[in-house]
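Peer 1: The structure is given below, and queries will be raised subsequently.
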Amino acid sequence: MVSRSRWLGCVAAMAIASPACAAFAREDPACANLVPPESVNAPIRPIAPRDLIELRDAGFPVSLTVGNVPMTVSPDGKRFAFHLRKADVAADRYCQGIFVMDIRPGARPRLLASGGELMRETMRFAGLEEIPSGTPSAVTPRWSSDGRWLLWLRRDDGVTQVWRVPADGGEARAITRSPIDVKDADWTADGAIVFSTRPGLIDFKAAVAREEPEGHLYDERYFPGADNRPHPLAPLVYGYDRIDPDSGVVRAATPAEARILIERPTYDPRPLLRVDDGQGRTAWTERDDPDSPFGPTRLSVSIRGRRHDCNDCGVKVQGLWWVDGTLLFQTAEGTDSGEIGFYRWTPGKDVPRQLFRSRDLLINCLGTARPELLCAYETPTRPRHFVLLDPGSGKIETLLDVNPEYQRVRISSVQRLHFRTKIGLEAYADLVLPPDHKPGDRHPLIVTQYLSKGFVRGSTGDEYPIQYFASRGYAVLNFQRPWGHMAPGTPLIARRAANDNLWDRRNVQEAIEAGVRTAASLGVIDTRHMGITGLSDAAASSIFALINSNLFGAVVVSGCCDEPEWAEGRMGLGFAAVQRSWTGYPVRGDANFETFWQAYALRRNTHMPSVPLLIHVSDWEMPLAIETHFALKRANWPMEMYVFDNEFHLKTGPRHLAAIYRRTVRWFDYWLLGRRHPGAEWREEYERWDKLPRPKRVTGLTNETR
């Protein structure tokens, strides 16, 4: 373990000796369009890939919204600060900035500082730390207690530091000079800054460097399914330090100072919530099983020492607010949490009362000096923006549309379809038809997966642009995965059992088929020409559908493919243990090994009639796809695989996303419809595809699958 004195020595050596030594922000003129225009006067036009890739984004993607706040309210409740990022396809980069704005209709945002590299999340996985996921980080500006300053995390030259800027405008500068990433930061009551790092990374990197001349021992530190270097073993202990933002003097944080960060909800699949009204009332959620992040949670309240438990609040509380002694809380509810509910509860006097319910998405609502709450908000056809919510009536008023340009592109309406699997499990999907759809038209179908909540953009990973597909003449069914025994609140033993006999995967496949049948029953689908897409779990569902059905005439996935070797060390010793204990996937010698993998592993099914398969994979995950790619090529399947540099599980490169958007459409047009795009730039691609073997499978929705 790195010594405390050594760590502080590293920080002190790089800390700011005086403000004159600080790193200052330089405004980037190329990012002038990061500021949202007040209005857009332009004709309505067809949607293009850039319209979706270059949206201004605040916070995490929709699938990771809860527990990470994209905005904060000033101590007096009259202003709020937020961070925006905006991709630039032409420059293949991101523009980012910190804004402040009055909380009143008609106000305009002010850009305080811009710059920095895109921050991407790392996670703990398979017993290892610092595993990159590719997910863009949610950058949250924090107010000083006097409302004069804002701090945030910014990444430059590959290292994340704490930055500070005056809330009324002025020069922004870096406060820390940490040799490793700062993970979190906030203000103390006296105006200092407490920040966290992982000091053990210094010793780990030094140890790896010492090993290199003799070679590294292959052990649990490796995750060869992704890269070829050792990773630090979990847990990496956090270190907490305090810095004076003016002098740069650093010391170890006291336990009380460290708790400012320790007790704050962080990136978590089931974040715990806690809110105190300052008058003896506290509300919080807690897990029934502290060791199970997906286990059930309960809502409880303490009023001047007396505890009240809410036994009727469910397990999916997403927000808590005290208003005049009454608790407001938001839940995810309905089929697969496809809706939100807003409730009022006066503990000890009444039971919770529902104020309203909606399929739109409210994210991280905050109290203000006004009667309304400040929220980030999405609808199926409108990207995230900031609104004022009247919690009594449910009335929503737009405060700031950060993407007014999107109102000038032609998009389609979104229709929610509900259906049941053969065993009666409820599921839903959102159907998007071409904007020029007329009664009697039947369109080829693309299925996207596996989340359909809030703004309908590109489904999980944002690699499959739903409205762009629709503009190209496709009907799109954005499928919400039914979680069943994999849902939050399900005991681990039930989750493993659902995997052990492929019950979960078969149930997802039945739900996809039910969704397609429901869409077809509307008379708007050309059921002979259908394709399917997906990333992560959705890629697994797409491959399972390819093996176990004949619905789809072409497939595009982002990553590939689950194989038995994953649980037998191919992805490292740590991953093998996780795969076995968490998923229950069988290994050689298990009684169900052959039947399980015959239904699940594509490499064991290359003898089947072929279907055109396109794979878009990051360089980080490419090793997982190599053997399947080789087996399919050897079996004369029509398939191609593209590899994207410097990407992880989720891809973020603006040009990479644009290439995936366009190639996916060309692939489906070519294989489903026999259609070619004009232009010399595609000639070589079409010549190569013309030489691929022709698919041998008859696909579509037949009477048997209806």
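According to mature numbering (1 follows the signal peptide of the UniProt record, and there is no 0), the residues represented by the sequence shown are -22 to -1, 1 to 684, in order.
Don't be surprised by glycine CBs; every beta carbon is placed ideally from N, CA and C.
Between which two residues does the beta strand (DSSP E) holding residue 307 run?
Peer 2: Taken as a continuous stretch (DSSP letters only), the beta strand (DSSP E) holding residue 307 covers 304 to 311.
Peer 1: Alpha carbon to alpha carbon, how far is residue 601 from residue 607?
Peer 2: Cα-Cα distance, rounded: 10 Å.
Peer 1: Does the Cβ-Cβ distance between residue 448 and residue 679 come in under 7 Å?
Peer 2: Going by C-beta atoms, residue 448 is not nearer than 7 Å to residue 679.
Peer 1: Evaluate residue 246 with the Cβ neighbour count: other Cβ atoms within 10 Å of its Cβ, from every protein chain shown; 16 or more gives buried, anything less gives exposed.
Peer 2: Per-residue confidence for residue 246 stands at a pLDDT of 45, beneath the threshold of 50, marking its modelled position as unreliable; no derived number is given.
Peer 1: Mind checking who residue 509 pairs with in its DSSP beta bridge?
Peer 2: Answer is 424, 532.
Peer 1: How long is the line joining the alpha carbons of residue 212 and residue 556, rounded to whole angstroms?
Peer 2: Near 13 Å, if we compare the C-alpha coordinates of residue 556 and residue 212.
Peer 1: Grouping DSSP H, G and I as helix and E and B as strand, with all else coil, what is residue 262?
Peer 2: Residue 262: strand per DSSP, three-state reduction.
Peer 1: Return the CA-CA distance between residue 36 and residue 373, expressed in angstroms with no decimal places.
Peer 2: Their backbone Cα atoms lie some 22 Å apart in a straight line.
Peer 1: Are residue 263 and residue 280 closer than 7 Å when you measure CB to CB?
Peer 2: No; because the gap between Cβ atoms is not below 7 Å, this pair is not in contact.
Peer 1: So, using beta-carbon positions, are residue 198 and residue 220 closer together than 7 Å?
Peer 2: Going by C-beta atoms, residue 198 is not nearer than 7 Å to residue 220.
Peer 1: Considering only residues of the region 18 to 43, which uninterrupted beta strand (DSSP E) runs meet the minimum length of 3 residues and lie entirely inside it, listed in chain order?
Peer 2: The qualifying runs do not exist here; there are none.
Peer 1: Would residue 376 be called buried (16 or more neighbouring beta carbons within 10 Å of its own) or exposed?
Peer 2: Burial call: exposed.
Peer 1: Contact check, residue 109 vs residue 201 under 8 Å by CB: the rounded distance?
Peer 2: The pair is a contact, with the Cβ atoms about 7 Å apart (cut-off 8 Å).
Peer 1: Does the region 105 to 124 come within contact of the region 165 to 177, defined as at least 3 CB pairs closer than 8 Å?
Peer 2: Yes, they touch.
Peer 1: Residue 162 bridges to which residues according to DSSP?
Peer 2: For residue 162, which the question treats as bridged, DSSP gives the partners 174.
Peer 1: What does DSSP give as the partner residue(s) for residue 64 in the beta ladder?
Peer 2: According to DSSP, residue 64 bridges with 34, 73.
Peer 1: In angstroms, rounded to a whole number, what distance separates the CA positions of residue 532 and residue 648?
Peer 2: In a straight line, the C-alpha of residue 532 is about 10 Å away from that of residue 648.
Peer 1: Would you mind working out which of 114, 82, 572, 670 sits nearest residue 73, comparing C-alpha positions?
Peer 2: Selected option, being the one with the closest Cα: 114.
Peer 1: Note down, in chain order, each residue of its chain lying with its Cβ closer than 6 Å to the Cβ of residue 63, except the 5 sequence neighbours on either side.
Peer 2: So the list reads 35, 72, 74, once near-sequence residues are dropped.
Peer 1: Taking the beta strand (DSSP E) that residue 111 falls in, what are its first and last residues?
Peer 2: Element bounds for residue 111: 106 to 114.
Peer 1: For residue 564 versus residue 553, is the C-beta spacing smaller than 7 Å?
Peer 2: In this structure, residue 553 does not lie closer than 7 Å to residue 564 by Cβ.
Peer 1: Can you list, in chain order, the residues of its chain whose CB lies under 7 Å from that of residue 325, leaving out five sequence neighbours each side?
Peer 2: Closer than 7 Å at Cβ, skipping near neighbours: 279, 281, 286, 305.
Peer 1: From residue 50 to residue 79, what distance separates their C-alpha atoms?
Peer 2: Spanning the two alpha carbons is a distance of roughly 11 Å.
Peer 1: Given that a residue counts as buried once 16 or more other Cβ atoms are within 10 Å of its Cβ, and exposed if not, what is residue 441?
Peer 2: Residue 441 comes out buried.
Peer 1: Using a 10 Å radius around the Cβ and a threshold of 16 neighbouring Cβ atoms, would you call residue 257 buried or exposed?
Peer 2: The residue in question, residue 257, is exposed, as its Cβ has fewer than 16 Cβ neighbours within 10 Å.
Peer 1: Over the uninterrupted alpha helix (DSSP H) stretch that includes residue 570, give me the two end residues.
Peer 2: Looking at the DSSP string, residue 570 is not in any alpha helix (DSSP H), and its letter there is neither H nor E.
Peer 1: How many Å lie between residue 616 and residue 152 at the Cα?
Peer 2: Approximately 52 Å between the Cα atoms of the pair.
Peer 1: Work out the CA separation of residue 457 and residue 492 for me, nearest whole Å.
Peer 2: Going from the Cα of residue 492 to the Cα of residue 457 covers about 11 Å.
Peer 1: For residue 445, which residues of its own chain have a beta-carbon under 6 Å away from its beta-carbon, when the five flanking residues on both sides are left out?
Peer 2: Cβ neighbours of residue 445 beyond the five flanking positions: 25, 389.
Peer 1: Return the Cβ separation of residue 596 and residue 625 in integer angstroms, given the expectation that the two are a contact with Cβ distance under 8 Å.
Peer 2: With 8 Å as the limit, residue 596 and residue 625 qualify as a contact, their Cβ atoms being about 4 Å apart.
Peer 1: I think residue 339 touches residue 322, with their Cβ atoms under 8 Å apart; what is that distance to the nearest whole Å?
Peer 2: Their Cβ separation, rounded to whole angstroms, is 20 Å, which puts residue 339 and residue 322 out of contact at 8 Å.
Peer 1: In its own chain, which residues sit with a C-beta less than 7 Å from the C-beta of residue 503, not counting the 5 before and 5 after it?
Peer 2: Closer than 7 Å at the Cβ level, and outside the excluded window around residue 503, lie 420, 421, 423, 453, 497.
Peer 1: Return helix, strand or coil for residue 89, following the three-state DSSP convention.
Peer 2: Residue 89 falls in the strand class under three-state DSSP.
Peer 1: When DSSP labels each residue in this structure, what does residue 664 get in the three-state scheme?
Peer 2: Residue 664: helix per DSSP, three-state reduction.
Peer 1: By Cβ distance, which residues of its chain are closer than 7 Å to residue 666, with the 5 residues on each side in sequence left out?
Peer 2: Same-chain partners within the cutoff: there are none.
Peer 1: In whole angstroms, give me the CA-to-CA distance for residue 671 and residue 612.
Peer 2: Cα-Cα distance, rounded: 11 Å.
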